[in-house]
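Peer 1: One structure, as structure tokens, below. Some questions next.
Residue numbers (full-length UniProt numbering): 1 to 381.
As structure tokens, then:
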């Protein structure tokens, strides 16, 4: 086979033509489980090299756009860790400055009235807001406006909250700023792993998802360093937390949107253009576009209660329907979306695979919380 392979210009196709090409590929080639190299043993050397690199899970197989996107996710994780740590150093001074504790040199903090409760509420608010508000608010934003917009929303919260906290004059003002910070923390924790899992190559997906916790730890370290640098200046200790959010805000305009979300919105041409940025060759981009389309068809069959077989999947692909086709609820579209949302929630416990994953992750996270508090651990055990 020659080095130049004549292929149709998929980027210029409309959605209907692009889907027709995918269906034709399914009928002629994709029914076997063999790899692309089996179908095309004489691929051009450049494409063959990129496929081998991707199959081996090499980091050099990542494109520039994908590296920038993963760097953005790393910055988001650093912001997350920094936000958690920024209050630690400030806790030594802000209760006295905001009049909920007496200022006594070289003595333990003596809280006034309900000051100890206010102190605890302010410290707990980000985690409460992250779990109750942030994690849930990010879902409709992600669904309607995309992953990138949800990340930008989280970055705005992480940018504004530290600055507002530095100018607070009462504990209630600080509480509101901490609530905003918690919303940003919950939104980032929800959307960043989703972005990484949707764009990362399969062989590297596990390693890249673990990087979230790694860079959160780096953010905690940087937050502790700034607490030492600005020791004795609690407003600086809290306010300086806006710094890592600045590059995050800028990078949100640079990174591509998730192709999977674009396919959910039936924007297949844009999804293919996104894959062209995230994959080394057009062949890999077309492959991933088709694979996500197939996976979406399987999800649609599962949600409808039909049995997923090769025959049923083939019939579904032969129909002129889309996996993410708009509902027929008409003016009741909102209620359909609410129904779909809660169906997904119940699916976490109804499906055995999802239920086991939820139980395992819950046990790990609860254990992590307990082990971080020795007094609580000793009470439990």
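Note that the Cβ used here is the ideal one computed from N, Cα and C, for glycine as well.
Helix, strand or coil: how does DSSP classify residue 32 here?
Peer 2: Note that residue 32 scores 39 on pLDDT, short of 50, meaning its location in the model is unreliable; the coordinates nonetheless yield the value given after this. Coil, per DSSP.
Peer 1: Kindly indicate which residue of 344, 260 and 293 has the alpha-carbon position closest to the one of residue 145.
Peer 2: The shortest Cα separation from residue 145 among 344, 260 and 293 belongs to 260.
Peer 1: State yes or no: is the C-beta of residue 292 within less than 7 Å of the C-beta of residue 69?
Peer 2: No, the Cβ-Cβ distance between residue 292 and residue 69 is not below 7 Å.
Peer 1: Taking the straight line between their C-alpha atoms, what separation do you get for residue 276 and residue 134?
Peer 2: Rounded to whole angstroms, residue 276 to residue 134 spans 32 Å at the Cα level.
Peer 1: Tell me which same chain residues have a C-beta within less than 6 Å of the C-beta of residue 247, skipping the five on either side of it?
Peer 2: Taken in chain order, the residues that qualify are 75.
Peer 1: Beta-carbon separation of residue 224 and residue 93 under 7 Å?
Peer 2: No, the pair does not count as a contact, with Cβ atoms beyond the cut-off.
Peer 1: For residue 394, which residues of its own chain have a beta-carbon under 6 Å away from its beta-carbon, when the five flanking residues on both sides are left out?
Peer 2: Residue 394 cannot be examined here, being either before or after the span of the chain that is shown, 1 to 381.
Peer 1: Can you tell me whether residue 341 is buried or exposed, with buried defined as 16 or more other CB within 10 angstroms of its CB?
Peer 2: Under this definition residue 341 is an exposed residue.
Peer 1: On a CA-only basis, which of 110, 129, 268 and 258 is nearest residue 196? Give me that one, please.
Peer 2: When only C-alpha atoms are compared, the closest one is 258.
Peer 1: DSSP state of residue 114, grouped into three classes?
Peer 2: Three-state result, residue 114: coil.
Peer 1: Run through the DSSP bridge pairs and tell me what residue 102 is partnered with.
Peer 2: Per DSSP, 110.
Peer 1: When the Cα of residue 140 is compared with those of 202, 112 and 339, which residue comes out closest?
Peer 2: Ranking the options by Cα distance to residue 140, first place goes to 339.
Peer 1: Roughly how many angstroms lie between the CA atoms of residue 369 and residue 213, to the nearest whole one?
Peer 2: Rounded to whole angstroms, residue 369 to residue 213 spans 15 Å at the Cα level.
Peer 1: May I ask you to report which of helix, strand or coil DSSP gives residue 360?
Peer 2: Helix.
Peer 1: I'd like to know whether the C-beta atoms of residue 185 and residue 130 end up nearer to each other than 7 Å.
Peer 2: Yes.
Peer 1: Quick one: grab the DSSP three-state call for residue 1.
Peer 2: The predicted model places residue 1 with a pLDDT of 39, which falls under 50 and marks its position as unreliable, so this point remains unresolved.
Peer 1: Give every residue of the same chain whose Cβ lies closer than 7 Å to the Cβ of residue 147, excluding the five residues on either side of it in the sequence, and list them in chain order.
Peer 2: Result list for residue 147: 191, 194, 195, 257, 258 and 261, in chain order.
Peer 1: Does DSSP put residue 193 in a helix, in a strand, or in coil?
Peer 2: Looking at residue 193 - three-state DSSP - the assignment turns out to be helix.
Peer 1: Please state whether the Cβ-Cβ distance between residue 171 and residue 98 is less than 7 Å.
Peer 2: Yes, the pair counts as a contact, with Cβ atoms nearer than the cut-off.
Peer 1: Going by beta-carbon coordinates alone, are residue 181 and residue 90 separated by less than 7 Å?
Peer 2: It is not a contact, given that the beta carbons lie outside the stated cut-off.
Peer 1: Return yes when the Cβ of residue 47 is within less than 7 Å of the Cβ of residue 283, no when it is not.
Peer 2: Cβ distance < 7 Å, so residue 283 and residue 47 count as in contact.
Peer 1: Tell me whether the beta-carbon of residue 215 lies closer than 7 Å to the beta-carbon of residue 78.
Peer 2: Yes; because the gap between Cβ atoms is below 7 Å, this pair is in contact.
Peer 1: Going by other Cβ atoms of all chains shown within 10 Å of its Cβ, with 16 needed for buried, is residue 363 buried or exposed?
Peer 2: Flag for residue 363 reads exposed.
Peer 1: Measure from the alpha carbon of residue 166 to the alpha carbon of each residue in 59, 65 and 239, then state which is nearest.
Peer 2: Taking only the C-alpha atoms, the option nearest residue 166 is 239.
Peer 1: For residue 82, which residues of its own chain have a beta-carbon under 7 Å away from its beta-carbon, when the five flanking residues on both sides are left out?
Peer 2: The answer, listed in chain order, is 219, 222, 223, 241 and 244.
Peer 1: Just to confirm my understanding: we take residue 32, look at its own chain, exclude 5 residues before and 5 after, and list those with CB closer than 7 Å. What are they?
Peer 2: With a pLDDT of only 39 at residue 32, under 50, the local geometry of the prediction cannot be trusted, and the value read off the model is given with reservation. Closer than 7 Å at Cβ, skipping near neighbours: no residue.
Peer 1: Could you spell out where the alpha helix (DSSP H) holding residue 201 opens and where it closes?
Peer 2: Unbroken run through residue 201: none, as it is neither H nor E.
Peer 1: Please report how far the alpha carbon of residue 281 lies from the alpha carbon of residue 209, in whole angstroms.
Peer 2: Straight-line Cα distance between these residues: approximately 24 Å.
Peer 1: Note down, one range per segment and in chain order, each alpha helix (DSSP H) of at least 4 residues found wholly within the region 144–189.
Peer 2: Correct list: 147–166.
Peer 1: Measuring only the C-alpha atoms, how far is residue 152 from residue 253?
Peer 2: Their Cα atoms are separated by approximately 9 Å.
Peer 1: Whole-angstrom Cβ separation of residue 358 and residue 346, contact assumed at under 8 Å?
Peer 2: With 8 Å as the limit, residue 358 and residue 346 do not qualify as a contact, their Cβ atoms being about 12 Å apart.
Peer 1: Can you round the beta-carbon distance between residue 102 and residue 112 to whole angstroms, since I take them to be within the 8 Å contact cut?
Peer 2: About 6 Å; that satisfies the 8 Å criterion.
Peer 1: Do you know whose CA, among 367, 87 and 356, lies nearest residue 161's CA?
Peer 2: Ranking 367, 87 and 356 by Cα distance to residue 161 puts 87 first.
Peer 1: For residue 91, which three-state DSSP category applies?
Peer 2: It is coil, neither helix nor strand.
Peer 1: Can you tell me where the alpha helix (DSSP H) with residue 49 in it begins and where it stops?
Peer 2: Counting along the chain, the alpha helix (DSSP H) containing residue 49 begins and ends at 45–55.
Peer 1: If you measure between the beta carbons of residue 201 and residue 54, is that distance less than 7 Å?
Peer 2: Taking 7 Å as the Cβ cut-off, residue 201 and residue 54 qualify as a contacting pair.
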